[in-house]
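Visitor:
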Amino acid sequence: MTKYLHLPAKAQLQMGETIAIVLIVVVLVVISLVFFVNQQSTNIPQEVQKTQTKSLEATVVTLSSMAEFLCSQNGSLDASCYDYQKVLSFTEIIGDDTELYLLYSELFGPVLINLTLVYPDEVFDLTEKNWMIVFDSTPSGYSQIVRANVPIAIYFPTRDEMGFAVVTIDVFT
Amino acid sequence: MKRGAISLGFNWIFVIIAGVLVLTTVINIVMKQKDVNDVQNAYKIKTAIGNQVREGLSPTESFKEIHIPESTFSFVCSNSGVSQFRVGDDQQGIQDIPFAPVFAPRSLKTDELLMWSKPFATPFPMGSVLYITSPDVRYVFFENYDNTDEWKLKGNQVLYQIMNRFPETAKTSLTPFTPEILSIKPQGYDRNVFIFISFNYNGEPIDSYMTNMEAVLPNVGSSWNNRDKRTYVLVLIDRDYNPSSRLEGYVIFTHFLSDRSYVKFRGENELIGAIVSEDAEIFDCTVKKTRRRLNTFARIMKIRSENLKSEGPCSYDYLYTVPIASFGNIADATADPPTYNPNNPIDIFQEYRRLDIANQDLFRTSCPQLY
Numbered sequence: 002m003t004k005y006l007h008l009p010a011k012a013q014l015q016m017g018e019t020i021a022i023v024l025i026v027v028v029l030v031v032i033s034l035v036f037f038v039n040q041q042s043t044n045i046p047q048e049v050q051k052t053q054t055k056s057l058e059a060t061v062v063t064l065s066s067m068a069e070f071l072c073s074q075n076g077s078l079d080a081s082c083y084d085y086q087k088v089l090s091f092t093e094i095i096g097d098d099t100e101l102y103l104l105y106s107e108l109f110g111p112v113l114i115n116l117t118l119v120y121p122d123e124v125f126d127l128t129e130k131n132w133m134i135v136f137d138s139t140p141s142g143y144s145q146i147v148r149a150n151v152p153i154a155i156y157f158p159t160r161d162e163m164g165f166a167v168v169t170i171d172v173f174t
Numbered sequence: 304m305k306r307g308a309i310s311l312g313f314n315w316i317f318v319i320i321a322g323v324l325v326l327t328t329v330i331n332i333v334m335k336q337k338d339v340n341d342v343q344n345a346y347k348i349k350t351a352i353g354n355q356v357r358e359g360l361s362p363t364e365s366f367k368e369i370h371i372p373e374s375t376f377s378f379v380c381s382n383s384g385v386s387q388f389r390v391g392d393d394q395q396g397i398q399d400i401p402f403a404p405v406f407a408p409r410s411l412k413t414d415e416l417l418m419w420s421k422p423f424a425t426p427f428p429m430g431s432v433l434y435i436t437s438p439d440v441r442y443v444f445f446e447n448y449d450n451t452d453e454w455k456l457k458g459n460q461v462l463y464q465i466m467n468r469f470p471e472t473a474k475t476s477l478t479p480f481t482p483e484i485l486s487i488k489p490q491g492y493d494r495n496v497f498i499f500i501s502f503n504y505n506g507e508p509i510d511s512y513m514t515n516m517e518a519v520l521p522n523v524g525s526s527w528n529n530r531d532k533r534t535y536v537l538v539l540i541d542r543d544y545n546p547s548s549r550l551e552g553y554v555i556f557t558h559f560l561s562d563r564s565y566v567k568f569r570g571e572n573e574l575i576g577a578i579v580s581e582d583a584e585i586f587d588c589t590v591k592k593t594r595r596r597l598n599t600f601a602r603i604m605k606i607r608s609e610n611l612k613s614e615g616p617c618s619y620d621y622l623y624t625v626p627i628a629s630f631g632n633i634a635d636a637t638a639d640p641p642t643y644n645p646n647n648p649i650d651i652f653q654e655y656r657r658l659d660i661a662n663q664d665l666f667r668t669s670c671p672q673l674y
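Protein sequences, first through last, are from chains A and B. Take 2 as the starting number for the first sequence in the numbering used here and just add one per residue. Take 304 as the starting number for the second sequence in the numbering used here and just add one per residue.
1. Would B/Ser410 pass as an interface residue toward chain A - the criterion being a Cβ-Cβ separation below 8 Å?
2. Any C-beta of chain A within less than 7 Å: which residues of the region 356-372 of chain B qualify?
3. Leaving out five residues on either side along the sequence, give the residues of the same chain with a beta carbon under 6 Å from the beta carbon of B/Glu373.
4. Which residues, in order along the region 310-324 of chain B, keep a beta-carbon less than 7 Å from a beta-carbon of chain A?
5. Going by beta carbon distance, what residues of the same chain come within less than 7 Å of A/Leu108, once the five residues before and after it are set aside?
6. Decide if B/Asn495 is buried, meaning its Cβ has at least 16 other Cβ atoms within 10 Å, or exposed.
7. Please name the residue, chosen from B/Asp635, B/Val339, B/Phe652 and B/Ile627, that lies closest to B/Pro645 on a Cα-to-Cα basis.
8. Could you list which residues in chain B have their beta carbon closer than 9 Å to that of A/Asn75, in chain order?
9. Quick one: list the residues of chain B neighbouring A/Met67, beta-carbon separation under 7 Å, in chain order.
10. I need the DSSP call for B/Cys670, collapsed to helix, strand or coil.
11. Of all the CB atoms in chain A, is at least one closer than 8 Å to the CB of B/Thr327?
12. Leaving out the 5 sequence neighbours to the left and right, which residues in its chain are closer than 6 Å to B/Pro640 when beta-carbon positions are compared?
13. Using 8 Å as the threshold, is the C-beta distance between B/Pro616 and A/Arg160 below it?
14. For B/Leu477, decide whether its Cβ has a neighbour in chain A, counting only Cβ atoms nearer than 8 Å.
15. Are the C-beta of B/Met429 and some C-beta of chain A separated by less than 8 Å?
16. Listing by chain order, which chain A residues have their CB less than 8 Å from the CB of B/Ile603?
17. Tell me which residue opens and which closes the beta strand (DSSP E) that B/Tyr442 is part of.
18. Identify every residue that forms a DSSP beta bridge with A/Pro152.
19. Beta carbon of B/Val405, beta carbon of B/Ser386: below 8 Å?
20. Going straight from the alpha carbon of B/Tyr346 to that of B/Ile400, what length do you get?
21. Would you give the residue range spanned by the beta strand (DSSP E) that B/Ser377 belongs to?
22. Please check if any C-beta of chain B sits within less than 8 Å of the C-beta of A/Pro158.
23. Need the endpoints of the alpha helix (DSSP H) that B/Val461 sits in, please.
24. Within 10 Å of its beta-carbon, does A/Leu116 have 16 or more other beta-carbons around it, so buried, or fewer, so exposed?
25. Going by DSSP in three states, A/Glu1 sits in which element: helix, strand or coil?
26. Within the chosen definition, does the region 417-434 of chain B reach the region 608-622 of chain B through at least 3 CB pairs nearer than 8 Å?
27. How about B/Thr593: is its C-beta nearer than 8 Å to some C-beta of chain A?
28. Under the rule that 16 or more other beta-carbon atoms within 10 Å means buried, what is B/Ile320, buried or exposed?
29. So, helix, strand or coil for B/Glu415, using DSSP?
30. With burial defined as no fewer than 16 other Cβ atoms inside 10 Å of the residue's Cβ, what is the status of B/Tyr674: buried or exposed?
31. B/Gly615 versus chain A: which residues are under 7 Å apart at the beta carbon?
32. Between which two residues does the alpha helix (DSSP H) harbouring B/Phe676 extend?
33. Exposed or buried, B/Ala577, counting other C-beta atoms within 10 Å across all chains shown (16 or more means buried)?
34. In this structure, how does DSSP classify B/Asp620 when only helix, strand and coil are distinguished?
35. Using a Cβ-Cβ cut-off of less than 9 Å, list which residues of the region 15-26 of chain A approach chain B; keep chain order.
36. Would you report the Cα separation of B/Pro626 and B/Arg441, rounded to the nearest angstrom?
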């Protein structure tokens, strides 16, 4: 046993070189790993931000496609105009029908959608304030909110008048 | 053993260890990159489907073709909750579809998706039905082989009408019926769908066709038992159908002799949906979603019409009476379960006609329209 461990000076030198190379390789791999992990962790907030923005965009697109809210004339929808009576009827139905509320929650995700009247400068018919909640699926716990304000035209069919409003969409994550 | 041999042995061991380490790392990186690519592809496809579903919420006609690396898709339609379109097995590839009606086959293996939407056949703008299929599914339409020229002509008219509703890039073909044709193998396609369009001349109950399907499709013989990827879709149109009336009837699906199911379809959109879904369960589930959306919309429009009648600017407020009743009837007929009196069934299409007339009257009298 002792005989095998007693190596000549030249062989010891070669082993030393090999160990040094292996050590250098290991150090390089460790540095790369640290760099990779750091890079990944700096990407996470960006990814979260990106996902939030995409959710917000998707909700805005969804809202501008929904016949449940939009004005229509001669059978055609106007994507830039909300029909106040439709919005009011929608909130009434959603309030009474839990199953339907859950389906729309799946469609919108965790959001709070508000409608604020800008013109005419007066209160809404029934709510006695100049804003109303269109849909609320705010989660009990959330870490971040992204918000979009979408200006729209608003039609009051019972008065046959047009107005101007802002739809505020808060997306929660 | 000589001393030099020991030193050489250690060198080889180090070289082997280092080599194994390097190889493992390279393989790991490649595999991870492949996983990342798969996830990215799944996400890309999922996003495209999601966008199309969102577009489908508005009543627009659209078409989209997506080229992708070959993937396996599965579609699950849920009656009560959220339907899902899955790309591969990865969680990133799951696209939830809360309530948009989507007709798609239960499974697909393809590198290209075809998605198109058609507005609901309602007089008021409400939304669209989305169809998803692939050029890897071949739709073989058989020319009508009814005995009389009159039925043959009527059958072929419907056939061309339905064929033309498929996008140009969908693989459809028209062929005369011969028993041999049923021996066609998928030949590079994921599967074949054979479509027969005929009439229920005698007004027989659908069950009699189910038990005696060979009488409807003569000379099919042993090809029924071919269990390769094929679906037979037999469309039985109501005998009273004429080009000015609504297309109605039954669709029988079978994959082989012992596996049969049927559905009732109302209108062209549903018939195309039946052919694309190739499945009674998915068809029924999607139609149910369409009815739920219609129910919600009818309830919204009923309240709106009531408010217009009681508070509106129109001096002809009685013009809203018929729409209130019609929207109410549509809501009752589409409720789950329907809430109308079974002895006095509601014809939704009759209600559509009443609404259309009322809407025109409101327009003529300069009153706020229904839609």
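Backbone N, C-alpha and C fix where the C-beta goes; we use that ideal spot for every residue, glycine too. Predicted model, so just to flag it, every value in this text is computed and none were measured.
Guide: Walking through what the data contain:
1. Counting from one through the second sequence, the residue named residue 410 of chain B turns up at place 107. Not an interface residue.
2. Residues Arg357, Glu358, Leu360, Ser361 and Pro362.
3. Here residue 373 of chain B corresponds to residue number 70 of the second sequence, with the count starting at 1. Closer than 6 Å at the Cβ level, and outside the excluded window around B/Glu373, lie Asp414.
4. Ser310, Phe313, Asn314, Phe317 and Ala321
5. Your numbering for residue 108 of chain A matches position 107 in the first sequence. Contacts found: Thr63.
6. Within the second sequence, numbered from 1, the residue matching residue 495 of chain B stands at position 192. Buried, by the Cβ-count rule.
7. Counted from its first residue, the second sequence places residue 645 of chain B at position 342. Minimum Cα distance to B/Pro645 is reached at B/Asp635.
8. The residue you call residue 75 of chain A lines up with position 74 of the first sequence. Residues of chain B passing the Cβ test: Asn662, Phe666, Gln672 and Tyr674.
9. Start at 1 with the first residue of the first sequence, and residue 67 of chain A comes out as number 66. Residues of chain B whose Cβ lies closer than 7 Å to the Cβ of A/Met67 are, in chain order, Leu360.
10. Residue mapping note: residue 670 of chain B aligns to position 367 of the second sequence, counting from 1. It is coil, neither helix nor strand.
11. Here residue 327 of chain B refers to the residue found at position 24 of the second sequence. It does not; no Cβ of chain A falls within 8 Å.
12. Taking the second sequence and counting its residues from 1, one reaches residue 640 of chain B at position 337. Closer than 6 Å at the Cβ level, and outside the excluded window around B/Pro640, lies no residue.
13. For this step, residue 616 of chain B is matched to residue 313 along the second sequence. For this step, residue 160 of chain A is matched to residue 159 along the first sequence. Yes, these two residues count as a Cβ contact at 8 Å.
14. Within the second sequence, residue 477 of chain B is the residue found at index 174, counting from 1. Not an interface residue.
15. Residue mapping note: residue 429 of chain B aligns to position 126 of the second sequence, counting from 1. Cβ-Cβ to chain A under 8 Å: yes for B/Met429.
16. Locating residue 603 of chain B in the second sequence gives position 300, where the first residue counts as 1. Correct list: Glu69, Lys87, Ser90, Phe91 and Ile94.
17. Residue numbering aside, residue 442 of chain B sits at position 139 when the second sequence is read from its first letter. That run of the beta strand (DSSP E) goes Val440 to Phe445.
18. As a working mapping, residue 152 of chain A is identified with position 151 in the first sequence. According to DSSP, A/Pro152 bridges with A/Val167.
19. As a position in the second sequence, residue 405 of chain B is number 102, starting the count at 1. As a position in the second sequence, residue 386 of chain B is number 83, starting the count at 1. Their beta carbons are under 8 Å apart, which means B/Val405 touches B/Ser386 by this criterion.
20. Here the question's residue 346 of chain B lines up with position 43 in the second sequence. Here the question's residue 400 of chain B lines up with position 97 in the second sequence. Approximately 15 Å, taken between the alpha carbons.
21. Locating residue 377 of chain B in the second sequence gives position 74, where the first residue counts as 1. Element bounds for B/Ser377: Ser365 to Val379.
22. Along the first sequence, one-based indexing puts residue 158 of chain A at 157. Output row for A/Pro158: interface = yes.
23. Counted from its first residue, the second sequence places residue 461 of chain B at position 158. Asp452 to Met466 is the span of the alpha helix (DSSP H), which, as asked, contains B/Val461.
24. As a working mapping, residue 116 of chain A is identified with position 115 in the first sequence. Label assigned to A/Leu116: buried.
25. Residue 1 of chain A cannot be examined here, being either before or after the span of chain A that is shown, 2 to 174.
26. no
27. By one-based count along the second sequence, residue 593 of chain B stands at place 290. No, B/Thr593 lies away from the interface with chain A (no Cβ there is under 8 Å from its Cβ).
28. Against the second sequence, residue 320 of chain B aligns to sequence position 17. Counting Cβ neighbours within 10 Å, B/Ile320 comes out exposed, since fewer than 16 surround it.
29. Counting from 1 along the second sequence, the entry for residue 415 of chain B is found at position 112. It is a strand residue.
30. Translated into the one-based positions of the second sequence, residue 674 of chain B becomes position 371. Buried: at least 16 other Cβ atoms inside 10 Å.
31. Against the second sequence, residue 615 of chain B aligns to sequence position 312. Those within 7 Å of B/Gly615 in chain A are Pro158 and Thr159.
32. Absent from the structure is residue 676 of chain B, since the part of chain B shown begins at 304 and ends at 674.
33. By one-based count along the second sequence, residue 577 of chain B stands at place 274. Its Cβ being crowded by 16 or more others within 10 Å, B/Ala577 is buried.
34. Position 317 of the second sequence holds residue 620 of chain B. Three-state result, B/Asp620: helix.
35. Gln15, Met16, Thr19, Ile20, Ile22, Val23 and Val26
36. Position 323 of the second sequence, counted from the start, is the residue given in the question as residue 626 of chain B. Position 138 of the second sequence, counted from the start, is the residue given in the question as residue 441 of chain B. Near 44 Å, if we compare the C-alpha coordinates of B/Arg441 and B/Pro626.
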